[in-house]
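K.L.:
From first to last, the protein sequence lines are chains B and F.
Under the working numbering, the residues of the first sequence are numbered 12 to 197, in order.
Under the working numbering, the residues of the second sequence are numbered 139 to 393, in order.
Cβ atoms here follow ideal geometry from the backbone N, Cα and C, with glycine treated the same way.
Once you've had a glance at the structure underneath, I'll fire off some questions.
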Amino acid sequence: MEATDIELVERVRGGDDDAFRVLVERHSRPIYRSAYRITNNAADADDVVQETFLRSYRALASFDSRATFTTWLHRIAINCALDLIDSRKRRDGRIDDGEDLSLIASHDASPDRVVLGSEMQRAIAAAMAGLTGNERTAFVLRHFEGMPLEEIGQILGTRLNATKNTVFRAVKKLRQQLQPFTGSLV
Amino acid sequence: MTHLTQEEIILNYYREFDSAAHLESCAECRNELAAVARVLGSIEPPEVPEPGDDYESQVWNRLSWRLRSEKKKKPGNAWMKYAAAAAMLAVAFLGGLLLRKDAKQPAQIIAAKPAPANPAQPAGDSTQQQRDRILLVVVGDHFDESERVLVELTNLTPGSDDTDITNEQQRAEELLASNRLYRRTASDRGEENVATLLDELEPVLMQIAHAPSQVSADELRRMQKRVETKGLVFKLRVVRAGVRTETKLPNQPSI
């Protein structure tokens, strides 16, 4: 019978690195998918996976076994993805949050979108790229992952009202960008 | 009648706010909710390119090396302290040599840098500028060598047999050690562009350094794609060109 995550965590705490290997192999793919949805770039998602496991290894002593390991790891991954987006922003020296992600998204988005050949897909990609790191993450977690706002707030380190406002801003921007395609008024 | 706010409509869409009673009696809000639903309903999760079947093993291979480094970094590891001290001494020694060389060319240094706005500017600033230039000279060479390794790697042709990357691997390993030192120094000196590029370079060098010496065609393509996706060769050329401009003395011949 397969060991549970919590059992493996206990073994890692006892110095068993093989147990950590099992955790890495069990969770690396789902973490990669989440990271990709936020960064929209395969190489960046890969970096996020590496950094997530490195940070989780360092922080394993503080992991509360009453929590779910998957959720805990997911939080670390999202913070890593946001840090990566922030470092891009600093590197590009951009003040306007809305612009920085267009660069990040453009790495991988273009070829895929071109293959898909859909105007709507391109418009969605562009609209998503226009969101700030927090807006994009909050929207991805709420819209794609179906995560409750309260949990998103815990990940982003924001109060419920601020989390709601982040999602509202994201939706408002997306509506504005996609209005020509859907015909809805903002 | 008081209508639902935009926020309430959005929360309603996500089932985080119950306004069924109002919606039943208000056509305007129903239309608004339908408009929001049209937009949000059209946004589907992006297709995630699935990594290869051996992705989990690859993640572990790269990570296990970092975890070993992590353990070595723990306080009390004398070897690492000595290595770091030796590296810092080497940089200081090289810096000293270059400073002495620069000291013999005062006119050139003055000509190379714009005149300070304040004539009473302390001499320490000039020394700082020289140190920054030394850092840039050393890092410029590091970028040169890194670019060569990456170009050689991307020029390899994946074949039916495994490809031997021992040479690239050894050089990447050597570069990796200095990369960390330069990154920290560049960051401390406020050379953000240089520090960021070194930061991006590090995981790629690490991947090359800790891949098997014989790599499969798939693994090689993946490594090449990583280099290309990040546009590292181009970035190295751009930053290195900037570094050369900043470090070039006025009467030095262009290379």
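Could you have a look at Val186 of chain F and say whether DSSP puts it in helix, strand or coil?
P.N.:
Coil, per DSSP.
K.L.:
Tell me the DSSP secondary structure of Val125 of chain B in three-state form.
P.N.:
With a pLDDT of 41 at Val125 of chain B, under the threshold of 50, the modelled position of that residue is not reliable, and the figure given next carries that caveat. Note: Val125 of chain B maps to helix in three-state DSSP.
K.L.:
Work out the CA separation of Tyr320 of chain F and Glu285 of chain F for me, nearest whole Å.
P.N.:
Answer to the nearest angstrom: the Cα atoms are 16 Å apart.
K.L.:
For a contact defined as C-beta to C-beta under 7 Å, what are the partners of Tyr152 of chain F on chain B?
P.N.:
Arg153, listed in chain order.
K.L.:
Grab the span of the alpha helix (DSSP H) containing Cys167 of chain F for me, first residue to last.
P.N.:
Run containing Cys167 of chain F: Ala165 to Ser180, per the alpha helix (DSSP H) assignment.
K.L.:
Find the residues of chain B that neighbour Leu178 of chain F, judging by a C-beta separation of less than 8 Å, and give them in chain order.
P.N.:
Those are His154, Val182 and Leu185, listed as they occur along chain B.
K.L.:
In the DSSP output, which residue or residues are listed as bridge partners for Thr301 of chain F?
P.N.:
DSSP lists F:Val353 as partners of Thr301 of chain F.
K.L.:
Would Ser67 of chain B count as contacting chain F if we go by Cβ distances under 8 Å?
P.N.:
Not an interface residue.
K.L.:
Tell me the DSSP secondary structure of Asn52 of chain B in three-state form.
P.N.:
Looking at Asn52 of chain B - three-state DSSP - the assignment turns out to be coil, as it is neither helix nor strand.
K.L.:
Grab the span of the alpha helix (DSSP H) containing Val332 of chain F for me, first residue to last.
P.N.:
Unbroken alpha helix (DSSP H) run through Val332 of chain F: Glu330 to Ala347.
K.L.:
Which same chain residues end up closer than 7 Å to Ala200 of chain F when comparing Cβ atoms and leaving out the 5 residues on each side of it in sequence?
P.N.:
The identity of residue 200 of chain F in the sequence shown is Arg, whereas the question assumes Ala. Hits under 7 Å: Met344, Gln345 and His348.
K.L.:
What residues from the segment 182 to 195 of chain F come within 9 Å of chain B, judged by C-beta to C-beta, listed N to C?
P.N.:
Within the segment 182 to 195 of chain F, the qualifying residues are Glu182, Pro183, Pro184, Glu185, Val186, Pro187, Glu188, Pro189, Tyr193, Glu194 and Ser195.
K.L.:
Just the C-alpha distance for Thr148 of chain B and Ser45 of chain B, rounded to the nearest angstrom, thanks.
P.N.:
Between Thr148 of chain B and Ser45 of chain B, the C-alpha separation is close to 10 Å.
K.L.:
Is DSSP giving Lys373 of chain F helix, strand or coil here?
P.N.:
Reduced to three states, the DSSP call for Lys373 of chain F is helix.
K.L.:
Check the Cβ of Leu160 of chain B against every Cβ in chain F and list those closer than 7 Å, keeping chain order.
P.N.:
Here the neighbours are Glu154.
K.L.:
Please report whether the beta-carbon of Arg22 of chain B lies at a distance below 8 Å from any beta-carbon of chain F.
P.N.:
By this cut-off, Arg22 of chain B is not an interface position.
K.L.:
What runs of the beta strand (DSSP E), each 3 residues or longer, lie entirely inside the segment 119 to 188 of chain B?
P.N.:
Taking only runs of at least 3 residues, no beta strand (DSSP E) segment lies wholly in the segment 119 to 188 of chain B.
K.L.:
Taking three-plus beta-carbon pairs below 8 Å as touching, is the segment 19 to 30 of chain B in contact with the segment 127 to 145 of chain B?
P.N.:
Touching, no, given that fewer than three Cβ pairs across the two stretches are closer than 8 Å.
K.L.:
So, Ile303 of chain F versus Ser351 of chain F, is the Cβ gap smaller than 8 Å?
P.N.:
Yes, the pair counts as a contact, with Cβ atoms nearer than the cut-off.
K.L.:
Counting only beta-carbon atoms, is Val376 of chain F nearer than 8 Å to chain B?
P.N.:
It does not; no Cβ of chain B falls within 8 Å.
K.L.:
Compare the beta carbon distance of Asp299 of chain F and Val353 of chain F with 8 Å and say whether it is the shorter of the two.
P.N.:
No, Cβ-Cβ distance for Asp299 of chain F and Val353 of chain F is not below 8 Å.
K.L.:
Following the continuous alpha helix (DSSP H) through Glu154 of chain F, name the residue where it begins and the one where it ends.
P.N.:
Here Glu154 of chain F belongs to no alpha helix (DSSP H), and DSSP marks it neither H nor E.
K.L.:
If we define contact as Cβ-Cβ less than 8 Å, is Leu142 of chain B a contact residue for chain F?
P.N.:
It does not: the Cβ of Leu142 of chain B has no partner Cβ on chain F nearer than 8 Å.
K.L.:
Is the Cβ of Val197 of chain F closer than 8 Å to any Cβ of chain B?
P.N.:
Val197 of chain F counts as touching chain B.
K.L.:
So, at 6 Å on beta carbons, what are the nonlocal neighbours of Arg66 of chain B in its own chain, with the 5 sequence-adjacent residues on each side left out?
P.N.:
Ile87.
K.L.:
Alpha carbon to alpha carbon, what distance is there between Gly190 of chain F and Asn52 of chain B?
P.N.:
Straight-line Cα distance between these residues: approximately 16 Å.
K.L.:
Taking Cβ-Cβ distances below 8 Å as the criterion, which residues of the segment 331 to 347 of chain F are in contact with chain B?
P.N.:
Result list: Asn331, Thr334, Asp337 and Pro341.
K.L.:
Express the C-alpha separation of Trp203 of chain F and Glu340 of chain F in angstroms, rounding to a whole number.
P.N.:
C-alpha separation (whole angstroms): 13 Å.
K.L.:
Count the other C-beta atoms from every protein chain shown that fall within 10 angstroms of the C-beta of Asn145 of chain B, then say buried if there are 16 or more, exposed otherwise.
P.N.:
Counting Cβ neighbours within 10 Å, Asn145 of chain B comes out buried, since at least 16 surround it.
K.L.:
Given a threshold of 16 other Cβ atoms within 10 Å of its Cβ, counted over all protein chains shown, does Gln61 of chain B qualify as buried or as exposed?
P.N.:
It is buried - the Cβ of Gln61 of chain B has at least 16 other Cβ atoms within 10 Å.
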